[in-house]
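Under this note's numbering, the first residue of the sequence shown carries the number 1, and numbering increases by one thereafter.
C-beta atoms are modelled at their ideal positions from N, C-alpha and C, and glycine is treated no differently.
Data block below; observations after.
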Amino acid sequence: VIGMSAFILMVLNRYGKQWVWRSWLSPSYAKWAERLFPLILLTIAIVLSTILHWTTRGVATIGSVPQGLPSFTAPYLPDFDEALNLLPTAGLMALIAFVSSSSVASTYARLRGEVFDANRELTGLGLANVAGSFFQSFPIAGGFSRTAINVDSGAKTPLSSLVTVLVMIAALIAFGYMLAPLPYAILGATIMAVIISLIDIATLKSAWHRDRLDAASFIAAFAGVLIFGLNTGLVIGLMVSFASLIWQSSKPHVAIVGQLAGTGHFRNINRHDVVTFHNLLMLRVDESVFFGNSESVHRHVVQATRQYPEASEIILIMSAVNHIDLTGQEMLISLNKELLNQNKHLSFSFIKGPVMDIIEHTPVITDLSGRVYLSTMDAVNDLKTTH
1 VIGMSAFILM VLNRYGKQWV WRSWLSPSYA KWAERLFPLI LLTIAIVLST ILHWTTRGVA
61 TIGSVPQGLP SFTAPYLPDF DEALNLLPTA GLMALIAFVS SSSVASTYAR LRGEVFDANR
121 ELTGLGLANV AGSFFQSFPI AGGFSRTAIN VDSGAKTPLS SLVTVLVMIA ALIAFGYMLA
181 PLPYAILGAT IMAVIISLID IATLKSAWHR DRLDAASFIA AFAGVLIFGL NTGLVIGLMV
241 SFASLIWQSS KPHVAIVGQL AGTGHFRNIN RHDVVTFHNL LMLRVDESVF FGNSESVHRH
301 VVQATRQYPE ASEIILIMSA VNHIDLTGQE MLISLNKELL NQNKHLSFSF IKGPVMDIIE
361 HTPVITDLSG RVYLSTMDAV NDLKTTH
């Protein structure tokens, strides 16, 4: 009852401010009233809890708050064997901390039109945790609830964190005991009323219509947070996203292309009216080639050669390929040999510089039955006359 009542009041303060405050206060006073209301509500809850002895009636409260500041102590350094045992757990905690912090930072950066830099976020987290280790702190990470309340209170710069630190120090030194009667339900209601604004149904609907795999990641993270908590829910969402990425990459799009008449452009024969050449088979690989999709790329090429048996020159357009791993290279070497046994020649066009740096001195290039062309137009001009 206490939590629900506080939640309703918080929601009214947030979404009904037009008639709760602004109908009888000037805009400047209404703004202050709206922002101070949560603090006023917490103060009233502490007073009522003290007068009515809520703790004796089964209401969970904060209770005793330890007084004083943590002492400066050198962090404990485990030996090598102990460090190895701690490493998996510590690594998982670091991952969760980074994902949690990055999620909230990127969310509010997007809402404010700011730029989010994951490297700076990770650097800040690392420095904060190193400094905190000298004061026996818990692992440090950004959180949705704390950030949401901070932003909702009007914070716009990192100076707000300094104000929070000063208030916490004052509470630990002087008036921490005054917070003891505060019910947890009031704190929970405060957080829920702020967090509710982050539930973005419109984005979920958009993802559902545009990309079901992205929508699945949304739903998995949302359900995971509700059932298991924020950190576990974020990890679940991250795992589903990775699984979706791997699944998409394992099913690369390989298009048979032809030339747009009178141009140097080449497009999918199933989408455009294009010119083809009887002795040429041109395929565009629209994905990096790696262990997860190399067999699929091989299968697409083999099926295309069977569909166009008269083509003796096979051109793979690599403009969308950003990387070829060892498995992908072995597949291309094998494909070249298979085609050569069928009196067909394999050529490449539009290989990017970084990719060429990797494969230039490997059998992918040195044993290639055809040639490497700077552009597909060059390949067509050179090969369409050979028959």
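Query, Result
"Rounded C-alpha distance that separates GLU121 from SER102", "7 Å"
"Beta-carbon contacts of LEU368 that lie in its chain and below 7 Å, excluding the five residues immediately before and after", "ASN336, LEU346"
"Reduced DSSP category for HIS278 - H, G, I as helix; E, B as strand; rest coil", "coil"
"Alpha-carbon to alpha-carbon, ALA131 and VAL302", "58 Å"
"Close Cβ partners of HIS387 (< 6 Å) along its chain, the five nearest in sequence each way excluded", "Any reading at HIS387 must be qualified, since the residue scores a pLDDT of 42, below 50, and its modelled position is unreliable; the value itself is stated next. If we look at HIS387 and ignore the five residues flanking it on each side, its Cβ neighbours are ASN279."
"Of the residues ALA220, SER319, VAL167, PHE134, the one placed nearest PHE242, counting alpha carbons only", "ALA220"
"Cut-off 6 Å between Cβ atoms - residues of its own chain near ILE2, not counting five sequence neighbours on either side", "PRO183, ALA185"
"C-alpha distance - GLU310 paired with HIS361, whole-angstrom precision", "31 Å"
"Beta bridge counterpart(s) of THR61 as assigned by DSSP", "PRO183"
"Unbroken alpha helix (DSSP H) run spanning GLU330, endpoints", "326-341"
"Cutoff 7 Å; reference GLY142; Cβ partners in own chain excluding five residues on either side", "SER100, SER101, VAL104, ALA105"
"Reduced DSSP secondary structure (H/G/I, E/B, other) of ARG271", "coil"
"Local Cβ density within 10 Å of LEU230, reported as buried at 16 or more and exposed below that", "buried"
"Residue from PHE348, MET331, ALA320, THR305 with nearest C-alpha to ASP378", "PHE348"
"Closer than 7 Å: ILE191 CB and nearest the ligand MG heavy atom", "This structure does not include the ligand MG; it has no bound ligands of any sort."
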